[in-house]
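These notes concern the structure reproduced below.
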Amino acid sequence: MRLLFIIFTFLFVQFSASGQEVPDENPLEEALRWERVVYRSNDPDTLFRALQAKAICYAKASLYSEALRTMERVKMYLLDPDEAWEVLVMKAFYAKLSGDPGAALGYLEESGDAGSYPELYSVLLAAAWRFDESLEQALSVASTEEEAAAIRELFRKAPRLRKENTAAAWSFLPPGGQIYLGKPAAGLLSMMLNAGAAALTAYELIQGDWVTGLLGGGLLLNETFFKGNMVKNVQSVSSVNKLSIEAFTASLDSLLMSMGSSGLKLD
Amino acid sequence: MRRFFTAALFLLLSSFISRGQAPGLLGLPDRIMSSSRIGRVSARQSIEVPPEDTVRIDFPAGGTEWVSVDYDFFKYLLENDLRQDVRTLVKGCYVPSDTLDYMRAQVLFSDRKLTQATEYFSRVPANSVFGPESFHYRVVSLASAGHYHSAAALLANPPATYDRRPYSELFALQEAGLALLESDKDQWLRSSSAFTYSDYTLSGSEQVLSEIARDRFESGRKSAAVAALASALLPGAGKVYAGRVGEGVAAFLTVGSLGAVTAENWSRHGARDWRTILAGSLCAAFYIGNIYGSYMSVSIENDERVKSQNAVIVYHLHLPLRSVFR
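Right, dumping it as structure tokens:
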């Protein structure tokens, strides 16, 4: 469906927008030719079609950020609802392909027809940690019970969204924070270091070496407990979330594509 | 026990020093203190100038069309920041001309291919309509690549056919800017005497350069030796002197705490007890590391200041060109 829409758009632009013949050439040169059309024209419809064609040229050259930037130049207030829908869907694709799933989800939902692209919508929802809605969309792609089961199985293994406050709270009891972040080996090491530092501090205090116990132990625990454990755990929350959601959406993407979908790539 | 510690410490230090890692070893305690939460208070971000892109672009040798018909389109692309299109445009096959060289030079300059941009600007003849602009862009391109002396030499010897009278104040601005970049006070005084501060295309840049000159030539620079001495007298004081208050407080607390721990162990267990030796060694390492770090901080601070000022100067050598040659 999506591919058909893109092909239709491309052919429509090729043969109807400006009446110019565009020979088979480098997509970047072709993009420049469409920019010339934009430069010379004052007709809103021609401008829209030329920008759309130019964006497709950039997409053919795998310059998805440029393609998105080109579509962002389209003046939405001059478009009728169908054209606005086309633009938003194209923006969603280009944003996804240029590595910005958040923006892609925004464009797709703004189009008011996100459900027509369940594979893309499902992946984008998953990237936004909206797993219930993502599962619903993904299941609508499945054509057999086995496929639905595979999707459910994948979602059972969906990552948890880790929060900085929770990571900090768990870090009060090493190796709680590291286990919460899925790093038990690092947790074990941290626990041993902290236990050693705490034992040394306690030993010094019991011996009556108050300055060594309080100041030396404080410095030591600052390194092992505060900096090496709490701060480190809180700082790694965002990277752990990013890595886990990227791995999950990649799995979902390939699973949905293997189910006979036309795929998420324009070309 | 003590002999074992002494031998281990000796071996460790010898290993570092023999590998030429002594500065790294000295700087380690300083890095630990600077990276603490207190140490990062008032930390500054340095200005990063993008590096020059040295990958050359091969342009086609010739064609049958004249690029001058596309000049307005080229300007439209540049003004709308359509960089990908402008790159594609200048890679087209056109009849060789000064306009084509100028356009290619502009694109190369905006892509920070400065060496190649200088080469293309230099191809534009002085009597061309793009001659004066290309000449001044060539100066900026050389300055942006860090070749201040070559830029100054070029400005001092413009092509014989170039009439500099309409651009005399721009000449003065660029000469003064390059004098600042080379920290040449006499040349700065000579060139800046031509500033009128009345031409709206130049006055902003003239004022910025004058402020930088005041800071560079009239304000005293911080001394690395004073910073080191201050930290030797009071740990952290050198860092505060260098403008890094957070790092200074962190250093004071760390060295002070380790000093207190050493003192306690000394009084309770004696000077030869391993705890005294360990705490004392750590205290000495952090104390020396702080002196070294304070010395380096001032040097880095001075270098960073000059670097960020130089970036501003180069920016103001470039800024007026678009308005002057509009």
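In the order they appear, the protein sequences are chains A and B.
For the first sequence, the numbering used here begins at 11 and goes up steadily by one.
For the second sequence, the numbering used here begins at 18 and goes up steadily by one.
Glycine residues also receive a C-beta, built at the ideal position from the N, C-alpha and C atoms.
Predicted model, so just to flag it, every value in this text is computed and none were measured.
Q: Establish whether the CB of Val86 of chain B and some CB of chain A are separated by less than 7 Å.
A: no
Q: Could you tell me whether the region 117-134 of chain B touches the region 71-88 of chain B, where touching means 3 or more Cβ pairs closer than 8 Å?
A: yes
Q. Quick one: which chain A residues come within Cβ less than 8 Å of Thr178 of chain B?
A. The premise fails here: Thr178 of chain B is roughly 35 Å from chain A at the closest Cβ pair, so nothing lies under 8 Å.
Q.
Spatial neighbours of Tyr119 of chain B within its chain, please: C-beta separation below 7 Å, excluding the five flanking residues on both sides.
A. Val141, Phe147, Ser151
Q. For Asp219 of chain A, which residues in chain B fall below 9 Å Cβ to Cβ?
A. Val278, Glu281, Asn282, Arg285, His286, Arg292
Q: Report the rounded CA-to-CA distance for Ala268 of chain B versus Pro185 of chain A, giving the unit in angstroms.
A: 30 Å
Q) Going by the CB atoms, is the gap between Ala244 of chain B and Gly237 of chain B shorter than 7 Å? A) no
**Q.** Partner residues on chain B for Ala41 of chain A, Cβ-Cβ distance less than 8 Å
**A.** Gln101, Asp102, Thr105
(Q) My assumption, with CB atoms under 8 Å, is that Ala2 of chain A sits in contact with Tyr131 of chain A. Please give the rounded CB distance. (A) Only positions 11 to 277 of chain A appear in the structure, and residue 2 of chain A is not among them; the question remains open.
Q) Looking at C-beta atoms only, is the number of pairs between the region 255-270 of chain A and the region 151-169 of chain A that lie closer than 8 Å three or more? A) yes
**Q.** Local Cβ density within 10 Å of Glu31 of chain A, reported as buried at 16 or more and exposed below that
**A.** Reliability fails at Glu31 of chain A, whose pLDDT of 42 lies under 50, so the model's placement of it is uncertain and the value that follows must be treated cautiously. That one is exposed.
Q: Answer yes or no: does any C-beta atom of chain A fall closer than 7 Å to that of Phe90 of chain B?
A: yes
(Q) Rounding to the nearest angstrom, what Cα-Cα distance links Tyr154 of chain B and Trp180 of chain A in this structure? (A) 59 Å
Q) Does Tyr304 of chain B have its Cβ less than 7 Å from a Cβ in chain A? A) no
Q: Can you tell me which of the three DSSP states Tyr217 of chain B falls into?
A: coil
Q. Can we say the region 157-175 of chain B touches the region 196-209 of chain B, given the rule of at least three CB pairs closer than 8 Å?
A. yes
Q. Three or more C-beta pairs closer than 8 Å, one from the region 222-242 of chain B and one from the region 325-341 of chain B: is that the case here?
A. yes
Q) Sorted by chain position, which residues of the same chain lie with C-beta nearer than 6 Å to Leu336 of chain B's C-beta, five sequence neighbours on each side aside? A) Ser222
Q) Do the region 39-54 of chain A and the region 87-107 of chain B make contact, defined as three or more Cβ pairs closer than 8 Å? A) yes
Q. What is the rounded straight-line gap between the Cα of Leu145 of chain A and the Cα of Asn243 of chain A?
A. 30 Å
(Q) Tell me the residue span of the alpha helix (DSSP H) that contains Val262 of chain B. (A) 262-286
Q: For my contact list, Ser345 of chain B and Ala134 of chain B are in at a C-beta cut-off of 8 Å; report their separation, rounded to the angstrom.
A: The structure shown has nothing for residue 345 of chain B, since chain B only spans 18 to 343.
(Q) The alpha helix (DSSP H) that contains Cys67 of chain A, what's its start and end? (A) 54-70
Q) Closest by CA to Val323 of chain B, which one among B:Val66, B:Leu117, B:Pro175, B:Ala280? A) B:Val66
Q) Nearest to Gly163 of chain B by alpha carbon, out of B:Leu195, B:Asp203, B:Tyr184, B:Ser145? A) B:Leu195
Q | Same chain only: Cβ atoms within 6 Å of Cys110 of chain B, ignoring 5 sequence neighbours per side | A | Pro77, Gly80
Q: Would you verify that the beta carbon of Glu31 of chain A is, or is not, closer than 7 Å to some beta carbon of chain B?
A: Interpretation of Glu31 of chain A is limited by its pLDDT of 42, a score under 50 that renders its predicted location unreliable; the figure taken from the coordinates is listed afterwards. Glu31 of chain A does not count as touching chain B.
**Q.** One or two residues paired with Glu321 of chain B in a DSSP bridge
**A.** In the DSSP output, where bridge partners are listed per residue, Glu321 of chain B has none listed.
Q | Between the CA atoms of Val278 of chain B and Leu299 of chain B - distance to the nearest angstrom | A | 10 Å
Q. Per DSSP, what kind of secondary structure is Tyr179 of chain B in: helix, strand or coil?
A. coil
Q. Out of A:Phe258, A:Gly228, A:Ala77, which has the shortest C-alpha to C-alpha gap to Ala208 of chain A?
A. A:Gly228
Q: Measuring alpha carbon to alpha carbon, tell me which of A:Gly226, A:Gly197, A:Gly218 ends up nearest Ala177 of chain A.
A: A:Gly197
Q. Given that a residue counts as buried once 16 or more other Cβ atoms are within 10 Å of its Cβ, and exposed if not, what is Asp92 of chain A?
A. exposed
Q: Output yes if chain B places a C-beta closer than 7 Å to the C-beta of Ser264 of chain A; else output no.
A: no
(Q) Quick check: the Cα distance between Ile308 of chain B and Glu233 of chain A, rounded to an integer number of angstroms? (A) 22 Å
Q: Could you tell me the boundaries of the alpha helix (DSSP H) in which Val157 of chain B lies?
A: 148-161
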